[in-house]
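FYI, in the working numbering the residues of the sequence shown are 27 to 459.
Positions of the beta carbon are idealized from the N, C-alpha and C atoms, including for glycine.
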Amino acid sequence: MRLIAKLLSPVLVVVVAQMALISRGIPLPVKHIDTPGRAVNILLPGLLGYGEDVALERLVPYFGGLTGLDFGRELEKRGFETYQADIGPVSGAWDRACELYAQLMGARVDYGLAHSEKYGHERYGRTYEKPLFEGWGPGRPLNLIGHSFGANTARMFALLCDEGDAAERGATPKAELSPLFAGGMIDRVHSITALAGPHNGSTASVCVPKDCDEKNYLWFMRIVGFMGSSGFVNGIYDLQLDHFGMSRPPSWGLLPGQTPRLGGWIGSGYRKAARAFLRSMDHSFYDLSPDGAADFNKIDKIRPSVYYFSYSSVITKPHGDSQLPRIREIMDPFLFGFAAQMGRGTGYIALPDESWKVNDGCVPLPSALYPAGQPHRDFTPGKTEVRPGVWNVMPTLPDADHAYWCGGDPLHNGADEVFGIYLALMERLEGTY
């Protein structure tokens, strides 16, 4: 019975979400508390995640999942101002960082002149009419809390805030340059927390290596294309790949007299756009691969003023030369397949070494601990002193899968247990201001 419930749950979520959307209409923006003079928490979802203004979020919060709690709203009830960013579910870390910046500023997304020309997409994206909150600056810095690929996004955002980008400064007239690419804003980022972050990439077969056969991935892009360009679905789940011509804004982003059309994802124009997207390597699939992560780790570095925290878990156990998922503990049936594939060392991507067989269903343990080559230390809560400029690596949780960190495993871990990790993080950060 439990297995049947697991398999049906994704279908039920979509059906219920569509019914709710039809009956209630597009939900109004979330109302937040205002805490002037204090740091603000930004929750960053991972691959295929969604933000707080997407209809699906109101039914199944990304951070809170199936626990019955919305972690962002629960944090606000306790006085911690918290937002969940609307960033591209399959976009690369660079594009997601640009989208986050535009939301924080209340501006049009600028992906950069040099970047957009290099990767073959439009330079500008959607426009956000007002800032996510008022007063972002050194007096109101960010605590970036990223689950999975959200952690890589946070690191990219911090890099751009600190250093900007030399290629963009060289290619763009000064009057047109986004302040994000100018840098000099690292004092606006207080901390980065990685919840099962794939710092060194993942060996899950969903990741695209440089020599990928795109035919193996076009089926997946058809599915996400339906979500992004179908009037039936994109009000629930927004792909946010307008700049690649693979999605359109939901109804609130259409011009007067326009209506979303069903089926744009079927035509040859979409197939052409999907191939261009995959070949660009400007997407999360490549950034999540060991090759993509290694490319990023070459340019990223620790920021001395920023506090770093890393959380990890494992859901596999040794079985001969392999690692197999613990059937009783793993929640998501899709993670079960990935955990088994990664634990055997099979798939499109070769293992860097045998230690990478240990995983949480999406991320190998060595990748979740800290970015290769960056300063790190083991952190024991209640004993180790918190300090910036180093990855504070929390003890690895046994028998917890990748979905655990955002409340996706209520059958084995209660809401209070998982949400307690977020509260403990808030208390830990309170002592750093």
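- Residue pairing by DSSP places Val412 opposite no residue, since no beta bridge is assigned to it.
- Distance from Phe270 to Ala299 at the Cβ level is roughly 6 Å; contact confirmed, criterion being Cβ atoms closer than 8 Å.
- Annotation note: the stretch 88-119 contains the following uninterrupted alpha helix (DSSP H) runs of length 4 or greater, listed N- to C-terminal: 97-103.
- If one requires a minimum length of 3 residues, the beta strand (DSSP E) runs lying completely within the stretch 130-212 are 134-136, 150-153, 168-173, in chain order.
- In this model, Gly295 and Trp245 are separated by some 15 Å (Cα to Cα).
- Sorting Asp435, Asp188, Ser393, Gln367 by C-alpha distance to the C-alpha of Pro164 places Asp188 at the top.
- Per DSSP, Pro351 is one residue of the beta strand (DSSP E) stretching across 348-351.
- With contact defined as three or more Cβ pairs closer than 8 Å, the stretch 124-139 and the stretch 184-204 are in contact.
- Under DSSP, Thr229 forms no beta bridge with any residue.
- Rounded to the nearest whole angstrom, the C-alpha separation of Ala429 and Arg403 is 25 Å.
- Burial state of Asp60 is exposed, judged by a 10 Å Cβ sphere holding fewer than 16 other Cβ atoms.
- Annotation: the continuous alpha helix (DSSP H) that includes Ser310 extends over 310-313.
- Contact between the stretch 346-353 and the stretch 302-318 is absent: fewer than 3 CB-CB pairs across the two stretches fall below 8 Å.
- DSSP places Pro316 in the helix class (H, G or I) of the three-state scheme.
- According to the DSSP assignment, Phe335 belongs to the beta strand (DSSP E) that extends over 333-337.
- A direct Cα-to-Cα measurement between Ala222 and Phe207 gives close to 28 Å.
- Rounded to the nearest whole angstrom, the CA to CA distance from Lys324 to Pro87 is 34 Å.
- By a beta-carbon distance limit of 8 Å, Cys388 contacts Phe364. Their separation comes to about 6 Å.
- The alpha-carbon separation between Asp317 and Ser228 amounts to approximately 9 Å.
- Considering only Arg122, Gln129, Leu455, the residue with the shortest C-alpha distance to Glu411 is Leu455.
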